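Chemist: Numbering (our numbering), first residue to last: 4 to 620.
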Ligand SMILES: C[S@@+](CC[C@H](N)C(=O)[O-])C[C@H]1O[C@@H](n2cnc3c(N)ncnc32)[C@H](O)[C@@H]1O
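1) Taking 6 Å as the cut-off, is the CB of residue 495 close to at least one heavy atom of ligand 1?
2) Quick one: is residue 541 near chain E, going by C-beta distance under 7 Å?
3) Taking one C-beta from the stretch 422-439 and one from the stretch 575-587 each time, how about it: are there three or more such pairs within less than 8 Å?
4) Between residue 549 and residue 482, which are expected to be in contact by the criterion C-beta below 8 Å, what is the C-beta distance as a whole number of angstroms?
5) Are residue 76 and residue 111 closer than 7 Å when you measure CB to CB?
6) Given a cut-off of 7 Å, decide if residue 182 and residue 126 are closer than it, judged by their beta-carbon atoms.
7) Going by DSSP in three states, residue 203 sits in which element: helix, strand or coil?
8) Between which two residues does the alpha helix (DSSP H) holding residue 557 run?
9) In the stretch 487-573, which residue ranges form an unbroken beta strand (DSSP E) of at least 3 residues, counting only runs that do not cross its ends?
10) Where does residue 400 sit, in a helix, a strand or coil, going by DSSP?
11) Going by alpha carbons, who is nearest to residue 421 out of 388, 430 and 400?
12) Pick from 547, 160 and 541: whose alpha carbon is nearest that of residue 494?
13) My assumption, with CB atoms under 8 Å, is that residue 534 sits in contact with residue 353. Please give the rounded CB distance.
14) Going along the chain, which unbroken runs of the beta strand (DSSP E) with 3 or more residues stay wholly within the stretch 415-471?
15) Would the C-beta of residue 113 count as close to ligand 1, meaning under 6 Å from any of its heavy atoms?
16) How many angstroms separate the CA atom of residue 441 from the CA atom of residue 98?
17) From residue 191 to residue 240, what distance separates their C-alpha atoms?
18) Comparing C-alpha positions only, which one of 431, 401 and 368 sits nearest to residue 323?
19) With a Cβ-Cβ cutoff of 7 Å, do residue 232 and residue 281 count as a contact?
20) Should residue 236 be labelled buried (16 or more other beta-carbon atoms within 10 Å of its own) or exposed?
21) Which residue or residues does DSSP assign as beta-bridge partners of residue 475?
22) Excluding the 5 residues preceding and the 5 following residue 222 in the sequence, name in chain order all residues of the same chain whose CB lies nearer than 8 Å to its CB.
23) By how many angstroms is the C-alpha of residue 603 removed from the C-alpha of residue 69?
24) Nearest to residue 178 by CA position, among 116, 207 and 514, is which residue?
25) Can you check whether the CB of residue 433 is closer than 7 Å to the CB of residue 592?
26) Quick test of the definition: if touching needs 3 or more C-beta pairs under 8 Å, does the stretch 470-480 touch the stretch 491-507?
27) From residue 383 to residue 36, what does the alpha carbon distance come to, in whole angstroms?
28) Assign residue 34 to one of three DSSP states: helix, strand, or coil.
29) If contact is defined by three or more beta carbon pairs under 8 Å, each pair taking one atom from either stretch, is the stretch 374-381 in contact with the stretch 569-580?
30) For ligand 1, is there any heavy atom lying closer than 6 Å to the beta carbon of residue 439?
31) What residues match up with residue 326 in a beta bridge as DSSP calls it?
32) Beta carbon of residue 594: closer than 6 Å to some heavy atom of ligand 1?
33) For residue 106 and residue 129, what's the separation of their Cα atoms in angstroms?
34) Heavy atom of ligand 2 less than 6 Å from the Cβ of residue 433, yes or no?
35) Using 6 Å as the cut-off, classify the Cβ of residue 612 as near or not near the heavy atoms of ligand 1, replying yes or no.
36) So which of 464, 485, 529 and 611 has the shortest CA-CA distance to residue 561?
Structure, rendered in structure tokens:
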């Protein structure tokens with residue numbers, strides 16, 4: 004469930020709790036929402052027959068009711084009747100084919116039935132349709148994984164040996180966890196425990212691959228598939244896992260063996276290739292394209308696509324990107340180098356699937372504004388996640404997305420092409436120089452960008468000059484109050500002399516993990532779990548932070564009016580805001596928000612994201 008769904012479910016639950024007689028009156032008399040809440044509650048309380056009966060009553064009134072079909076499937080699953088369960092989930096999916104929970108549940112039952120192909124299809128859909136955000140929590144619920152995590156924790160901060168951790172089974176139980184494999188291929192997995200476990204699993208695979216000199220290539224297919232999934236996970240997180248010097252030496256030796264075998268035409272086992280790819284990106288190896296000329300088993304197809312074909316595509320995209328405005332400013336050049344080395348964010352899943360699902364279900368129709376033929380500028384688009392989102396919400400708009408980093412833009416172009424979006428043009432440009440392009444826009448979005456400029460307000464003023472008279476601007480800026488811990492971490496990093504090299508970032512992360520209690524907020528941030536994210540979070544070459552009075556002063560000086568903050572994920576923020584100011588509460592008052600933030604400094608820990616409009620004259 005996402006936050007919105009959780010909120011809706013809570014509301015339903017509260018509603019049911021306020022109506023203690025709802026069940027006594029007779030379920031058939033209630034609304035479908037009441038009945039669904041009653042069914043969930045009975046299920047939660049273990050009153051299975053009652054829950055089943057209510058689901059049947061719901062289905063008598065609405066045969067395709069997704070929630071009831073899913074619940075009946077879950078109850079069948081719990082009683083071991085996976086044949087019935089998959090039928091229920093299939094019916095639910097027939098009515099709502101983008102329902103992540105139903106796909107996840109179907110995946111589990113297909114796995115129990117031994118249909119691994121179908122299980123993988125459903126797990127992949129669950130991840131694509133929104134479950135990727137909570138994959139880690141589901142993975143950690145697995146009893147086998149919980150056992151490994153406990154073994155690691157039992158010896159922490161000392162390391163466990165691979166025998167202590169994996170016993171005689173090696174990584175077989177992990178390799179058999181299909182959801183883990185799908186999740187490793189799909190997205191970063193923000194969990195210190197999982198990272199530690201997968202780090203040990205990688206070292207164990209290295210040991211296996213190294214010991215297979217005389218192997219006839221017959222390693223269990225599940226182990227190879229697991230190694231491929233782990234290699235894809237390492238590629239997504241940009242090899243952020245720590246490794247000992249001995250492990251690094253062994254991995255380097257294995258890579259050299261791969262290169263020798265590649266040059267001499269000697270056979271290379273799939274396990275060897277996959278394990279090397281878990282330590283080094285394949286596309287960066289000399290003679291990497293020779294790997295594509297060999298025949299490989301189908302298990303390796305996904306790995307070869309992400310580590311060889313897609314980077315090759317991006318190299319092609321790079322040459323097609325025009326430069327609209329030069330990069331001359333020395334800070335812009337340094338920032339460009341950072342994002343050339345570590346384009347950010349390395350997103351994998353279309354950010355708008357949930358929105359598309361709601362549109363498809365007819366829950367939300369596009370608004371007139373979303374249908375309009377607007378000109379939109381995305382200033383500092385990075386790898387395009389944000390631009391792709393906007394291009395889908397505004398299908399008739401013409402979007403120009405600019406960034407200083409060509410590597411980021413190439414990633415963005417490849418993803419945009421894969422999604423089939425045609426209303427989006429990318430170009431290289433420094434925001435500071437955009438005044439020279441002689442174009443204006445109805446809407447400008449610059450989120451997480453201006454605070455990386457030498458003079459953020461100079462860049463912001465350039466953007467204001469490109470905005471049409473009744474245009475809107477969506478801006479995201481770091482909050483000074485919210486980022487105190489980041490400031491402390493940056494000071495610590497400077498004092499310890501850590502550079503922004505991959506090795507230093509990796510070592511610094513381990514220091515932070517050792518003091519997890521103190522750095523809780525950092526460890527809780529998704530960005531902590533990838534190299535580019537961690538660099539963006541803690542090692543940025545330039546970071547300014549703002550206060551709300553400073554933002555208010557800029558708006559005042561530039562004839563802009565504040566139109567509101569982005570909706571908060573946490574619904575209690577608005578409640579607390581109104582409680583603080585009572586009848587005088589004014590959500591458009593930056594002064595009140597400033598006072599609120601002083602009392603609740605964590606409110607804008609992501610950043611301030613808000614919309615402003617040009618004042619009419
Ligand atoms: C933290 S990333 C944010 C990317 C994107 N807005 C997002 O939210 O996913 C910051 C991006 O701003 C870009 N950037 C920084 N300074 C810039 C400048 N002066 N002109 C254009 N882009 C810039 C960087 O290259 C980087 O891709």
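Glycine residues also receive a C-beta, built at the ideal position from the N, C-alpha and C atoms. Computed from a prediction, not measured in an experiment: that's the story for all the values here.
Modeler: On the basis of the coordinates in this document:
1) no
2) Protein chain content of the structure displayed is limited to a single chain, and chain E is not contained in it.
3) no
4) 7 Å
5) no
6) yes
7) helix
8) Its alpha helix (DSSP H) spans residues 551-560.
9) 563-568
10) coil
11) For residue 421, the nearest C-alpha among the options comes from 388.
12) Nearest to residue 494 by alpha-carbon distance, out of 547, 160 and 541, is 541.
13) In fact, because the Cβ distance is near 23 Å, the residues do not count as touching under 8 Å.
14) 427-431 and 444-450
15) no
16) In a straight line, the C-alpha of residue 441 is about 49 Å away from that of residue 98.
17) 6 Å
18) 431
19) no
20) buried
21) Answer is 446 and 616, bridged to residue 475.
22) 211, 215, 272, 273 and 274
23) 39 Å
24) Taking only the C-alpha atoms, the option nearest residue 178 is 207.
25) no
26) no
27) 44 Å
28) coil
29) no
30) It does not: the Cβ of residue 439 is nowhere closer than 6 Å to a heavy atom of ligand 1.
31) DSSP output for residue 326 lists 431 as bridge partner(s).
32) Outside the cutoff, so no.
33) 5 Å
34) Within the structure as shown, ligand 2 is missing, the only ligands being ligand 1.
35) Residue 612 Cβ: outside cutoff for every heavy atom of ligand 1.
36) Considering only alpha carbons, the answer is 464.
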